[in-house]
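Structure, as structure tokens:
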């Protein structure tokens, strides 16, 4: 079966890849582009471990095909820190012990970043519902939610 | 003398239903040896996997040379697995 | 850890093979769909289709991505006040449309309840309708709203009431070569409002055990002149419960009318016992939610 | 060797974990992230039947498919004797383990592996699976624990005869064993009682729910070395199990721990590694196997579903006079439910004179159960804590006061026999009672539930190495996968003992060839036991540093003390020397005898028992049965919190899992014996919007056996939430809820009854 030639922008860099029609964006990121920070927890859109930002919107990369992405702009966890500078959310997660095993962490960080870009002053309820598609089995969510709220406040300068 | 308590099942199988004994032994190895003399076959059972020993409230999963004081309380228990 | 070297051989996906096309116009899409051999699936948001592909529930020969067609990605308000929502517009874009949100809060809330934020970034109203799940959250909302679909096909375009699209779980009335281009919400009369509620055990990320959409219109005296009540997850397709709507018409949507509506909603249910809920539970809660949704719709109708 | 009296610089603070930046940037390598040159994909064919004989397996067509490089069936697995052997955390029957990993002659549950392939791609592997022809003779199956105990139930194993009953049975049975423990005479206790509560309770099996599916990469080298990279709770456990099942020598197998994406007990056993090893040996290529979520649910260990009966009697003053429990636990397809610890923990928080627990381990046509956080305790606790709550109601007593009246303390005889040493149960009750959340008024349809829980905590074997580098930095090697931040707490203890900056201590988790044996990361043992090993290894370093300073100064070692990271003369009499830092001594180590490395290998003694008390407030929608958790408070005795942030995290995570267990999680099987909800959508673990903030109170009653007082904290917090949540719901709706999960339909049906 013919492969698709796709050109997309990933974390600000143009990449080209060949993929089968049935490869998902997650397969492409992990297997073709070696961006294994995006995790596979369910492949059915129910855990959020594979969250990435696609053309500005938060999506599960397991729920898009690699072949759909020609011309797309994709942001993954690997693009979140700028050089040596961690994103404030990354820093806060470390300080507040908002991760235990760390497997769901990339998905939570990508999702939380997308939230704060859209809503710099979310309520606790808004944060909880925004992140409801990201499963965490270790933390009980408490420290994750607090971290996001704290970073939002810091980024607003309060 | 240490006070030794077997599980109901071990007592039934090896000691005619008795579960409480006073045994003179300075460590677990000697204690098991003494019990085996009293009830042949019990020693091997007490050393099998899946059995733990509590000495004065402290549980050991793999004891052998642990010291036993003169009036220690010794319980043979099912071994615990964690999660 | 050894070097993270590229694997020398390609890694295929976990799905069986299919062809993929992404037409750029409605006409091109109709052509592709009409001429395709074998099993064809239209890909909008993909949040249902990809899960079904992965699970091997569907094994298409061809997948047609319709997201590259401009018309399918647009929300437009017509001069008569009606809204045209492109079939592939994602849930988040629907929620972000202030005019639509203000005019049809029930429809927008119903769409917004589907899946997670991530799913909202992809899932579409057209996809949710054509996936033909009896539990689809957005469908009772648009059925209650009296929406129609714009369907494109080899014979041109036609308009179909949305409730006529799903015919059974996973099945639609669309003919070969046809696909839904847009969902059209009618002009909003004065003193009207809609609402949708669903019951799930968690607060998010579940399939509705019961869903209820209500859309009603009042006259200047607050008497209900029209009402549509639709229920999800209580029958093989989303139900338009005419008796439940009729229970409100001619009343001020008082407690007595609401009790009648609840009874009609419960009576109309034809649910199954499954892993998500029991028959008894679904019947009871259908009435509860229909009544609660009606109260919200009433409040909204009273404020415009 | 205690440090309680010292001023602590690192222990008790909230340091950033050493592996943290890799984990927040996506750089950390988990089990599925490894790519080796020439690597193949391995996939497993699984039984669609809950119970069937395998008549034949024909792999010819699959083998002929281009791109298929190897196929394995049960016939490739060495026959194992049916005997228990010590491995991992305890005794394991390797025959059962082998059969569970690859069915030999019979399949015992939906999802039981029957064959595996290695191929050049997922697509080819999947196609190959579809070409394997398996002929089954389908047998009647049994899913429910009580059904399975009936004399006419389909028998899973004709080799199992119930142990622990008289007379010795002649017919095989699904009841593997009966256990009994306790003392006194409960019936005599009920005679004296003014109130007696007796109820039946049930719980459903629940999965550990780690987000990372099982994953392993195995390369069988041409030197006949079996190299494994995988996500597990113990690289040594993987080595032992894999070697045993494949009849290999331990030194032939080298296991490198990948980062682990959650385990909660479920990764204290293996599923993939021997299969991947056989595929690699046959194909002469590395093989990666990653489970799908569906496979995780269908074929890896949930914990047991249960049917239980509890009876408790008390006098008017609240003193419990008699208590008994009968506990029936589903083991899954092979023996081994945690029913014994269920019996031991059920009444552990209480000082009782008359207590009896009887338990049954029962096989059913479900996946083999695996350890899950405080294995066996949460379900028994749910039943007992529900009965205690009802007792408080009947007596008109505050539920915390009733517990205080009967609380176990140091010297109390535990229901399983021995007397408790130093414990902090009463302290948790007092802290719970004093918490402001306990006095917040409740509104309509709201309820408050209290429950307590106990777990033993364990010690076991750990090795540790502390290497001092020439520049004064320190490398610690641990042998326990870091499942929740343990690198931080271990490095903090090393820094504390050495008196060096925490950031100068680097810690790695070694592979099986680079560090001595360690038991698994589990049982709340890592910070306690491996921590103790690291403390001793660091103390070994300190001793060497003092010796080197003594040599440098040419004085006796007793005249040198180690303080705040410096060797100093013990007194003015010892001489006047400029203190030497660790870095000073390390730089000149060659002169004074060579490198400075400390090590310790221990079988840690003195694990301190843990107790917790939780308060849960809920609101129930009476029309839909929907439960909202309004607030939750968890109090626990941690002994000493080395890193309070991660201790709180353990408590909060345990609560979330327990609340999920109580409210919505369950395995749903159809009449056909197939699992209907093998995915996160319908398995319904709590999501972020389902929970409130989880308030924590860490009580510190030090464990005298640990240098810093650590008890271990990972397991206790999952014990009380089932009871606390069920008690809260019961109060909110005015009906006693005895069957978990408390799903909306169950609540509505209780309200309508």
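Residue numbers (our numbering), protein chains in the order written: chain U, 1 to 158; chain B, 159 to 241; chain C, 242 to 545; chain V, 546 to 1298.
All C-beta atoms, glycine included, are put in the ideal place defined by N, C-alpha and C.
Alpha-carbon spacing of residue i relative to residue j, whole angstroms
i               : j               : result
residue 384(C)  : residue 394(C)  : 22 Å
residue 99(U)   : residue 185(B)  : 45 Å
residue 868(V)  : residue 1045(V) : 53 Å
residue 1008(V) : residue 778(V)  : 16 Å
residue 498(C)  : residue 348(C)  : 23 Å
residue 9(U)    : residue 17(U)   : 11 Å
residue 176(B)  : residue 167(B)  : 10 Å
residue 723(V)  : residue 906(V)  : 7 Å
residue 147(U)  : residue 1243(V) : 21 Å
residue 1237(V) : residue 1174(V) : 7 Å
residue 1063(V) : residue 1076(V) : 12 Å
residue 436(C)  : residue 430(C)  : 15 Å
residue 1249(V) : residue 1150(V) : 11 Å
residue 472(C)  : residue 950(V)  : 53 Å
residue 1085(V) : residue 772(V)  : 32 Å
residue 414(C)  : residue 420(C)  : 10 Å
residue 797(V)  : residue 789(V)  : 11 Å
Contacts of residue i in chain C (Cβ-Cβ under 7 Å)
i               : result
residue 1169(V) : 440, 526 and 529
residue 968(V)  : Those do not exist, as residue 968(V) stays about 36 Å from chain C at its closest Cβ, beyond 7 Å.
residue 129(U)  : 445
Cross-chain neighbours of residue i in chain B, by beta carbon under 8 Å
i              : result
residue 916(V) : 239, 240 and 241
Partners in chain U for residue i, counting only beta-carbon separations shorter than 9 Å
i              : result
residue 731(V) : The premise fails here: residue 731(V) is roughly 37 Å from chain U at the closest Cβ pair, so nothing lies under 9 Å.
Neighbouring residues, chain B, relative to residue i (Cβ below 7 Å)
i              : result
residue 718(V) : Within chain B, no residue comes near residue 718(V); the closest Cβ sits about 17 Å away, beyond 7 Å.
For residue i, the residue or residues it bridges with in DSSP
i               : result
residue 181(B)  : 160(B)
residue 134(B)  : Residue 134(B) lies beyond the residue range present for chain B, which begins at 159 and ends at 241; the question has no answer from this structure.
residue 722(V)  : 708(V) and 906(V)
residue 1181(V) : 1157(V) and 1243(V)
residue 1050(V) : 1019(V)
residue 745(V)  : 854(V)
residue 728(V)  : 900(V)
residue 1206(V) : Paired residues: none, contrary to the question.
Within chain V, partners of residue i - CB distance below 8 Å
i              : result
residue 448(C) : 1226 and 1227
Proximal chain U residues relative to residue i, where beta-carbon distance stays under 8 Å
i              : result
residue 533(C) : Under the 8 Å cutoff, chain U gives no residues; its nearest Cβ is about 20 Å from residue 533(C).
Contacts that residue i makes with chain U (C-beta to C-beta distance below 7 Å)
i               : result
residue 420(C)  : Within 7 Å Cβ-Cβ: nothing; residue 420(C) doesn't reach chain U, min ~17 Å.
residue 1089(V) : Those do not exist, as residue 1089(V) stays about 33 Å from chain U at its closest Cβ, beyond 7 Å.
Per-residue contacts from residue i into chain C (C-beta, under 8 Å)
i               : result
residue 1209(V) : 442 and 443
Residues that residue i contacts on chain V, provided the C-beta gap is smaller than 7 Å
i              : result
residue 358(C) : Neighbours of residue 358(C) on chain V: none; closest Cβ ~11 Å, over 7 Å.
residue 220(B) : 1148
residue 215(B) : 963, 964, 965 and 966
Contact set between residue i and chain C, taken where Cβ atoms lie within less than 9 Å
i              : result
residue 662(V) : Simply none; closest approach about 14 Å.
Scan the stretch 799-886 of chain V and note each continuous beta strand (DSSP E) run of 3 residues or more that stays entirely inside, going in chain order. Listed in chain order, the beta strand (DSSP E) runs fully inside the stretch 799-886 of chain V are 832-835, 851-859 and 865-877, counting runs of at least 3 residues.
Does the stretch 1109-1123 of chain V come close enough to the stretch 1021-1038 of chain V to have 3 or more Cβ pairs within less than 8 Å? no
Decide if the stretch 355-369 of chain C is in contact with the stretch 44-58 of chain U; the criterion is three or more beta carbon pairs, one per stretch, under 8 Å apart. The answer is yes - the stretch 44-58 of chain U touches the stretch 355-369 of chain C, with three or more Cβ pairs under 8 Å.
Does the stretch 747-765 of chain V come within contact of the stretch 930-944 of chain V, defined as at least 3 CB pairs closer than 8 Å? no
Can you give, in chain order, each stretch of the alpha helix (DSSP H) that sits fully within the stretch 1062-1149 of chain V and has at least 4 residues? 1076-1098 and 1127-1132
Any contact between the stretch 1230-1248 of chain V and the stretch 116-136 of chain U? By contact I mean 3 or more CB pairs, one from each, below 8 Å. yes
Entirely within the stretch 65-98 of chain U and at least 3 residues each: give me those beta strand (DSSP E) ranges in chain order. 73-75
Please list the segments of the beta strand (DSSP E) lying wholly inside the stretch 572-625 of chain V, counting only runs of 3 or more residues, in order along the chain. 585-591, 597-603 and 613-618
Return the chain-ordered ranges of every alpha helix (DSSP H) run that is complete within the stretch 331-384 of chain C and spans a minimum of 4 residues. 332-337, 339-344, 346-353, 358-361 and 366-371
Report yes or no: do the stretch 706-715 of chain V and the stretch 834-848 of chain V share at least 3 C-beta pairs separated by less than 8 Å? Three or more Cβ pairs closer than 8 Å define a contact, and the stretch 706-715 of chain V falls short of that threshold against the stretch 834-848 of chain V.
Three Cβ pairs or more, each shorter than 8 Å: is that satisfied between the stretch 365-373 of chain C and the stretch 285-296 of chain C? The stretch 365-373 of chain C, when compared against the stretch 285-296 of chain C, does touch it at the 8 Å Cβ threshold.
Do three or more CB pairs link the stretch 661-674 of chain V to the stretch 583-590 of chain V at distances below 8 Å? yes
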